[in-house]
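Chains H and P supply the protein sequences, listed in that same order. Throughout the first sequence, residue numbering follows the numbering used here, covering 1 to 238 in sequence. Throughout the second sequence, residue numbering follows the numbering used here, covering 239 to 476 in sequence. Think of the CB as a built atom: it goes at the ideal place given N, C-alpha and C, for glycine as much as any other residue. Working notes, beginning with the structure itself.
Protein chains: 2
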Amino acid sequence: MSLVLYHAPKSSASRRLRLFLEEKGLSYEGHVINLAVQEQHSPAYLRINPMGVVPTLVHDGRALHESSTICEYLDAIRPEPPLRPADPYDLAQMRNWVRYVDGLISNLIRFNWRHGMAAGAARMTEAEFEEMLKSVPSEERKEAWRRAARNPYTEAELDDSRRALLAMLDQMEGMIENDALIGGRYGLADIATAPFVRRIEEEIAPDAFETRPNCASWWQALTRRPAYARADFGPFLA
Amino acid sequence: MSLVLYHAPKSSASRRLRLFLEEKGLSYEGHVINLAVQEQHSPAYLRINPMGVVPTLVHDGRALHESSTICEYLDAIRPEPPLRPADPYDLAQMRNWVRYVDGLISNLIRFNWRHGMAAGAARMTEAEFEEMLKSVPSEERKEAWRRAARNPYTEAELDDSRRALLAMLDQMEGMIENDALIGGRYGLADIATAPFVRRIEEEIAPDAFETRPNCASWWQALTRRPAYARADFGPFLA
């Protein structure tokens, strides 16, 4: 099977998919999309991903979008090792957990975009910035760019987002069993959450684990997996 | 098997799940949650759905949340008739379509909440309204209530939402094949979309079908299905 992955090293959705591919033992041809020069909005990339976001996985010539959807797809076409619960009820809980985590992405973005995007936009003139925005496919994402680049998030907004992400950890603390989030078995729920926890550990709330022993143990177990090293999350902060 | 459905007649997620249950030929014990008196925020209901939203399906004593997740669960435990594509690529397309439709719910809410909620809130004093808000489980939903009840959406905002919903129909127009959205076969993608199209037809853009013949044919075929009548969407506008 031919798998071509278009991704960015620091993108949380890309990190999720790389970790999933490594856990499956699937090899792929990787292409890094350079977000710093807006390569995700280039005509060539928009042809395979009209939303202009990473990652995209191309399997035997057909493009797939949305990291959670792609992971479920890979689990269906390559069932071993299984990374989704076999029990339908646990599977439903897993899907709702991933949905909840995905819904927290705006909180992560407030921290992430300060580094790459806001810094890049600061070097542009207003005219250059508006010219760049023309290539952003959706109104919603144009607004997000304007906000992050020209009107940086306040400390109060960052605090709100930190609280939302810590509330995720609090939920995890009550769910973790055998160092896994769903049904006591490592899988997509854990993989989907890992990029978020990586950013919490690195910058957003490094001391969060001190009062959350189950999360601490879960994170230690996850980061010791060989696949985690191969997925190469790398540092977010240069 | 014992299925107990907690739902509201006009809620789009409830309509989706009722239609899915009828297509599966699954019978259930139905309980209507009276949104007009905030029954979804009552302690009894919050015990089975901590988010305070409808629907909830209880299967053999275990509560399930999120209509799209519940539909996939039902398709797994009752495989006939299949309402998800067998092909993994089509299944991925279906999941991304449902995800996209779910992401449009804020646009539907702008039209829906004008009727029930805004009218109900208008009859409350400020103190009664704030007291009611205490039972709303999330900050996000409290804000949505304040907005809809005390600061009604403007015509410009309603126009934006109408445009977003018509853009969904435009996409559908290019997807429909054999009166189905994915892979030429009726299933969850169609069922998930039906409550949205029902509101477009009824109030938001009744003439939308005139210029979208594939959507018109799709909608006619869907609404002629016996399960659609049994799911009893009913009128949204009293």
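Quick check on D470(P): buried or exposed, where buried means 16 or more other Cβ atoms within 10 Å of its Cβ? exposed
Interface residues of chain P around H41(H) at Cβ under 8 angstroms? Per Cβ cutoff of 8 angstroms: no residues; H41(H) is ~20 angstroms from chain P at best.
8 angstroms CB neighbourhood of I48(H) in its chain, flanking five on each side removed: Y6, T56, V58, A63
Taking DSSP as the reference, what is the three-state secondary structure of A194(H)? helix
Closest by CA to R316(P), which one among S376(P), N389(P), M239(P), L284(P)? M239(P)
Whose CA, out of P319(P), N345(P), E366(P), lies closest to the CA of V275(P)? E366(P)
Just the Cα atoms here: how many angstroms apart are A387(P) and E364(P)? 11 angstroms
Alpha helix (DSSP H) runs wholly inside the region 4-66 of chain H, at least 4 long, in chain order: 12-24, 43-48
I'd like to check one pair, F196(H) with L165(H): are the Cβ atoms closer than 8 angstroms? yes
Please tell me whether L166(H) has its Cβ less than 8 angstroms away from any Cβ of chain P. no
Count the other CB atoms, across all protein chains shown, that sit within 10 Å of the CB of G183(H); report buried if there are 16 or more and exposed otherwise. buried
Sequence-distant residues of the same chain with beta carbon closer than 6 angstroms to S399(P), five excluded per side: N345, R348
Any chain P beta carbon closer than 8 angstroms to H7(H): no
Considering only C-alpha positions, which residue in the set R18(H), L19(H), R16(H), H31(H) is nearest to V4(H)? H31(H)
Secondary structure, alpha helix (DSSP H): runs of 4+ residues fully inside the region 101-171 of chain H: 105-112, 116-122, 126-133, 139-150
Which residue comes first and which comes last in the alpha helix (DSSP H) that contains S217(H)? 213-223
For L460(P), which residues of its own chain have a beta-carbon under 7 angstroms away from its beta-carbon, when the five flanking residues on both sides are left out? D428, A432, Y466
List the residues of chain H whose Cβ lies closer than 7 angstroms to the Cβ of H303(P), in chain order. N96
Can you pull the chain P neighbours of T69(H), defined as C-beta to C-beta under 8 angstroms? A330, R333, N334, R337
Reduced DSSP secondary structure (H/G/I, E/B, other) of E80(H): coil
Proximal residues to C453(P) (C-beta, below 8 angstroms), its chain only, five neighbours per side dropped: L407, M410, E411, I414, V435, A446, F447
Is there at least one Cβ from chain H nearer than 8 angstroms to P323(P)'s Cβ? no
What distance in whole Å lies between the Cβ atoms of A251(P) and I271(P), which are believed to be in contact at a cut-off of 8 angstroms? With 8 angstroms as the limit, I271(P) and A251(P) do not qualify as a contact, their Cβ atoms being about 12 angstroms apart.
Could you give the DSSP three-state label for A229(H): helix, strand or coil? helix
CA-CA distance, D325(P) and D102(H)? 25 angstroms
In angstroms, rounded to a whole number, what distance separates the CA positions of P313(P) and K262(P)? Per the sequence presented here, residue 313(P) reads as Asp, with Pro not at that position. Distance between the alpha carbons of D313(P) and K262(P): 8 angstroms.
Considering only residues of the same chain and omitting the five flanking positions on each side of C309(P), which have a CB-CB separation below 6 angstroms? F258, L426
If you draw a straight line from the alpha carbon of N416(P) to that of R322(P), how long is it in whole angstroms? 16 angstroms
Tell me which same chain residues have a C-beta within less than 8 angstroms of the C-beta of W218(H), skipping the five on either side of it? M172, I176, D179, A180, L181, D190
So for A330(P), helix, strand or coil by DSSP? helix
Strictly below 8 angstroms CB to CB, what residues from chain P border A76(H)? P326, L329
Determine the DSSP secondary structure at A427(P), reduced to helix, strand or coil. helix
For E415(P), write down the residues that DSSP places opposite it in a beta bridge. A418(P)
So, helix, strand or coil for D313(P), using DSSP? helix
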